[in-house]
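Residue numbers (our numbering): 182 to 540.
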Amino acid sequence: MIPLAALPTPALLVDLDRLERNIAAMAGAFAAAGVALRPHVKTSKCWEVARRQLAAGAIGFTCSTAAEVAWLQSHGVGDLLWAHIPIGPRKVRFVVDAIAQHGGGLTVSLDSVEAARPLSASAFAAGITVPFVLEVNTGHARLGVEPSSAVATATAIASLPGLRLRGVLTHEGHISALADRPALEEAGSTAGALLVSVADALRTAGFLVEVVSVGSTPGATSTPFVPGVTEGRPGTYVYYDANQTRLGSCTLDQCAQTVLATVASVQRAGRPIIDAGIKAMSSDAIAAAGGVGLVLDRPDVTFPEANEEHGFLVGSGLAVGDLVRLVPNHACGTTNMWSHLYAVRGDMAVERWEISARY
Ligand SMILES: Cc1ncc(COP(=O)(O)O)c(C=O)c1O
Numbered sequence: 182m183i184p185l186a187a188l189p190t191p192a193l194l195v196d197l198d199r200l201e202r203n204i205a206a207m208a209g210a211f212a213a214a215g216v217a218l219r220p221h222v223k224t225s226k227c228w229e230v231a232r233r234q235l236a237a238g239a240i241g242f243t244c245s246t247a248a249e250v251a252w253l254q255s256h257g258v259g260d261l262l263w264a265h266i267p268i269g270p271r272k273v274r275f276v277v278d279a280i281a282q283h284g285g286g287l288t289v290s291l292d293s294v295e296a297a298r299p300l301s302a303s304a305f306a307a308g309i310t311v312p313f314v315l316e317v318n319t320g321h322a323r324l325g326v327e328p329s330s331a332v333a334t335a336t337a338i339a340s341l342p343g344l345r346l347r348g349v350l351t352h353e354g355h356i357s358a359l360a361d362r363p364a365l366e367e368a369g370s371t372a373g374a375l376l377v378s379v380a381d382a383l384r385t386a387g388f389l390v391e392v393v394s395v396g397s398t399p400g401a402t403s404t405p406f407v408p409g410v411t412e413g414r415p416g417t418y419v420y421y422d423a424n425q426t427r428l429g430s431c432t433l434d435q436c437a438q439t440v441l442a443t444v445a446s447v448q449r450a451g452r453p454i455i456d457a458g459i460k461a462m463s464s465d466a467i468a469a470a471g472g473v474g475l476v477l478d479r480p481d482v483t484f485p486e487a488n489e490e491h492g493f494l495v496g497s498g499l500a501v502g503d504l505v506r507l508v509p510n511h512a513c514g515t516t517n518m519w520s521h522l523y524a525v526r527g528d529m530a531v532e533r534w535e536i537s538a539r540y
């Protein structure tokens, strides 16, 4: 056990009490509704966090990269959804090898017959079947077929050998643009209902649709609970962050991830300089508000800008050597900046945990 004051700074911290409460609350809400919870692992990339999510009832994980898939498979996690298009020969080979070596356990996401063709050819040549979900655009307009072309695209992809449709997927990320919580939740429900209607259209066309998968932290109180949705994929909830406090997904005292920093200089009055900048926090801005992060326990102090290793605070009452704890704007981006974190209870770091599968 190391007192926070004895840690090298900057340091990435995760508050265990908050982490455990966040994991239990989300798992409890999903279990009560009978909806499967498949958290996105990109938020923590940390096995010590992931195994706690599994112990609380998560059915498996959502991944965004091949490295995340490979890392979780090395821990024996047998139900993974790679929610990105396996595009290019290396990703195609990775998927086919991963399924062949582990006897399944991986579902991929597709939204076009063009991206499906090389995967089909490789799967067929290897004598395996790759399960996939069809990604549907319910408003985010990133990946995903338009709902009206879902049946045609699913039919075209499913006619290729070596691929098997399991269901549909959407990421209702567009609802984060809504600052008003009731409007956000209504948009979340609308996205869920749209995906369910696509699943029904596919069933009418003769497909067996077992997975209707939605996922985001802002949407985690609405979208998964639309009747017909089978699973939800929130990720950020495990730590929450400043963006999620703004969206009303959590309160500041639920934010489990912080960066510990030390005031290094107060040469300019009211402008303390800390030893944590963009390379500690990531440069994800807080939507609509700007700034690098929130200063925990010091609402009177702001963190408007940073260089790589210098953070510019604005506020009074801080002296050289003082410690501050900063809540990142976007927990997932901050995680990817670090190779390890300190798990803390109160003012003590109790363990040092590895962060895996980073770029
Ligand atoms: C496909 C997909 N599913 C789930 C999530 C999790 O959303 P959140 O980070 O809001 O929890 C994301 C996040 O970007 C995503 O891209």
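Quick reminder that beta carbons are idealized off the backbone N, C-alpha and C, glycines included.
Residue from the options whose Cα sits closest to the Cα of residue i
| i | options | result |
| --- | --- | --- |
| valine 195 | Ala401, Arg539, Arg533 | Arg533 |
| leucine 261 | Ile268, Arg274, Ala239 | Ala239 |
| proline 189 | Gly502, Gly269, Thr351 | Gly502 |
| alanine 322 | Ala335, Ala281, Ile309, Asp292 | Asp292 |
| leucine 522 | Ile459, Ser370, Asp361, Cys227 | Cys227 |
| serine 175 | Gly400, Thr439, Ala297, Ser330 | Given that the chain is displayed from residue 182 to residue 540, the structure contains no residue 175 and the question cannot be resolved. |
| glycine 325 | Ala296, Ile309, Pro312 | Ala296 |
| cysteine 513 | Thr443, Pro328, Arg449, Ala423 | Ala423 |
| alanine 247 | Ile338, Trp263, Ala335 | Trp263 |
| glycine 498 | Val440, Arg274, Ala457, Arg449 | Arg449 |
| proline 543 | Ser357, Pro220, Ala466, Ala386 | Residue 543 lies beyond the residue range present for the chain, which begins at 182 and ends at 540; the question has no answer from this structure. |
| tyrosine 545 | Arg452, Ala364, Ala368, Arg233 | Residue coverage of the chain in this structure runs from 182 to 540, which leaves residue 545 outside it and unanswerable. |
| isoleucine 454 | Asp478, Val482, Leu477 | Val482 |
| alanine 386 | Ile459, Asp198, His511, Val332 | Val332 |
| alanine 212 | Ser245, Glu412, His352, Val393 | Glu412 |
Residue i to residue j span [Cα, whole Å]
| i | j | result |
| --- | --- | --- |
| threonine 319 | threonine 398 | 16 Å |
| glycine 474 | serine 446 | 19 Å |
| valine 250 | valine 317 | 22 Å |
| methionine 207 | tyrosine 418 | 8 Å |
| phenylalanine 305 | leucine 253 | 25 Å |
| isoleucine 266 | serine 290 | 6 Å |
| leucine 350 | lysine 272 | 20 Å |
| serine 464 | valine 314 | 32 Å |
| proline 191 | asparagine 488 | 14 Å |
| valine 222 | serine 330 | 30 Å |
| phenylalanine 484 | glycine 472 | 6 Å |
| methionine 182 | leucine 193 | 16 Å |
| aspartate 278 | proline 270 | 12 Å |
| alanine 461 | valine 444 | 14 Å |
| arginine 427 | glutamate 366 | 14 Å |
| alanine 186 | leucine 504 | 7 Å |
| isoleucine 309 | arginine 202 | 41 Å |
| arginine 361 | isoleucine 280 | Residue 361 is actually aspartate in this sequence, not arginine. Looking at the two C-alpha atoms, the distance is approximately 43 Å. |
| phenylalanine 388 | glutamate 535 | 42 Å |
| cysteine 431 | glutamine 425 | 6 Å |
| valine 525 | valine 531 | 5 Å |
| threonine 334 | isoleucine 268 | 17 Å |
| aspartate 456 | glycine 373 | 43 Å |
| leucine 235 | glycine 451 | 46 Å |
| methionine 529 | proline 184 | 4 Å |
| valine 216 | alanine 500 | 50 Å |
| serine 394 | leucine 477 | 35 Å |
Opposing strand residues paired with residue i [DSSP bridges]
| i | result |
| --- | --- |
| threonine 439 | Leu194 |
| phenylalanine 388 | Bridge partners of phenylalanine 388: none, in fact. |
| leucine 475 | Thr483, Val508 |
| serine 497 | None, per the DSSP bridge assignment. |
| alanine 177 | This structure leaves residue 177 out entirely; the chain is present only between 182 and 540. |
| proline 184 | Met529 |
| threonine 243 | His221, Leu262 |
| glutamate 412 | Ala217, Ser394 |
| serine 290 | Val314 |
| alanine 524 | Val195, Glu532 |
| valine 326 | Val317 |
| arginine 345 | Pro312 |
| serine 446 | Ile454 |
Rounded distance between the beta-carbons of residue j and residue i, thought under 8 Å
| i | j | result |
| --- | --- | --- |
| alanine 337 | valine 390 | No, alanine 337 and valine 390 are not in contact; Cβ-Cβ is about 17 Å, not under 8 Å. |
With a cut-off of 8 Å, do at least 3 Cβ pairs link the segment 474-492 to the segment 403-420? no
Does the pairing of the segment 289-308 with the segment 371-384 give three or more beta-carbon distances under 8 Å? no
Spell out a yes or no on whether the segment 408-418 and the segment 328-346 are touching, meaning 3 or more CB-CB pairs, one atom from each, closer than 8 Å. no
Under 8 Å: do the segment 335-342 and the segment 275-289 share three or more Cβ pairs, one atom per stretch? no
Does the segment 422-439 come into contact with the segment 196-206, if we say contact requires no fewer than three beta-carbon pairs (one atom in each stretch) closer than 8 Å? yes
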